[in-house]
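S.K.:
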Amino acid sequence: MTESLGSLVLTLFGVGGILGNLIGARVADWDLLRAIPLILIWCAAVQGLFYFAANTLWLGMLFVGLVGASMALGAPLQTRLMDVAEGGQTLAAPLNHAAFNLANALGAWLAGVTVKAGFAWPSTGLVGTLLALGGLLVFFVGRWVEKRRGGVVPVSS
0 MTESLGSLVL
10 TLFGVGGILG
20 NLIGARVADW
30 DLLRAIPLIL
40 IWCAAVQGLF
50 YFAANTLWLG
60 MLFVGLVGAS
70 MALGAPLQTR
80 LMDVAEGGQT
90 LAAPLNHAAF
100 NLANALGAWL
110 AGVTVKAGFA
120 WPSTGLVGTL
130 LALGGLLVFF
140 VGRWVEKRRG
150 GVVPVSS
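Going by numbering that gives the first Met the number 0, the sequence shown opens with residue 0, and the numbers climb by one from there.
(1) Who are the Cβ neighbours of ASN95 in its own chain at under 7 Å, not counting the five residues just before and after it?
(2) Using a 10 Å radius around the Cβ and a threshold of 16 neighbouring Cβ atoms, would you call VAL112 buried or exposed?
(3) Quick check: the Cα distance between LEU21 and ALA71, rounded to an integer number of angstroms?
(4) If you measure between the beta carbons of GLY106 and TYR50, is that distance less than 8 Å?
(5) So ALA27 and ALA74 are supposed to be a Cβ contact under 8 Å. How far apart are they, rounded?
(6) Among the residues of its own chain, which have a CB less than 6 Å from the CB of GLY127, if the five just before and after it don't count?
(7) With burial defined as no fewer than 16 other Cβ atoms inside 10 Å of the residue's Cβ, what is the status of GLY19: buried or exposed?
(8) Which whole-angstrom value describes the C-beta separation of PRO67 and VAL114, a residue pair presumed to lie in contact below a C-beta threshold of 8 Å?
(9) Which whole-angstrom value describes the C-beta separation of PHE12 and VAL63, a residue pair presumed to lie in contact below a C-beta threshold of 8 Å?
(10) So the candidates are ALA102, GLY59 and GLY87; which of them puts its Cα closest to the Cα of LEU130?
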């Protein structure tokens with residue numbers, strides 16, 4: 000990929016992000032607790048396929064847009080958090096954004112470590128796959144704990 004395509008690639012990522020946000024909100028309205036794991040599976044699959052597509056210019060660009068569509072996760076997670084943050088939504092909302100920023104930084108750092116270790120840059124997609132699967136694991140553990148406790152247990156403020 001040449002430097003002259005940078006603006007186009009970033010635009011594709013942005014368009015994917017816009018579409019992902021719109022789709023994520025609709026899927027969350029359909030069934031919130033199914034939307035989150037489905038979107039995480041989507042994220043893992045797209046990131047994994049990016050590894051194979053990245054070395055072909057047009058496929059790589061397509062997958063950059065599809066990776067951008069991973070923003071679909073934002074609305075369902077925010078909605079779920081507001082549902083369970085009974086009485087603490089004012090604190091929970093900015094913590095959610097902080098967690099997204101931390102995850103973004105962690106993903107970029109781990110991808111950088113992978114490239115610095117000598118792996119080709121498409122390997123960053125595999126890092127994304129592992130992180131998405133880790134998020135899926137956290138989601139299912141959280142649901143398991145919630146079911147064992149008989150629902151979300153509010154924390155007193």
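Where a beta carbon is used, it is the ideal one built from N, C-alpha and C, also for glycine.
What you are looking at is a predicted structure, and each value in this text was computed from that prediction instead of being measured.
M.R.: Judging by the given coordinates:
(1) LEU76, GLN77 and LEU80
(2) exposed
(3) 7 Å
(4) no
(5) 5 Å
(6) GLN46
(7) buried
(8) Here residue 67 turns out to be Gly, not Pro, going by the sequence shown. Incorrect: roughly 20 Å between the Cβ atoms, too far for contact.
(9) 5 Å
(10) ALA102
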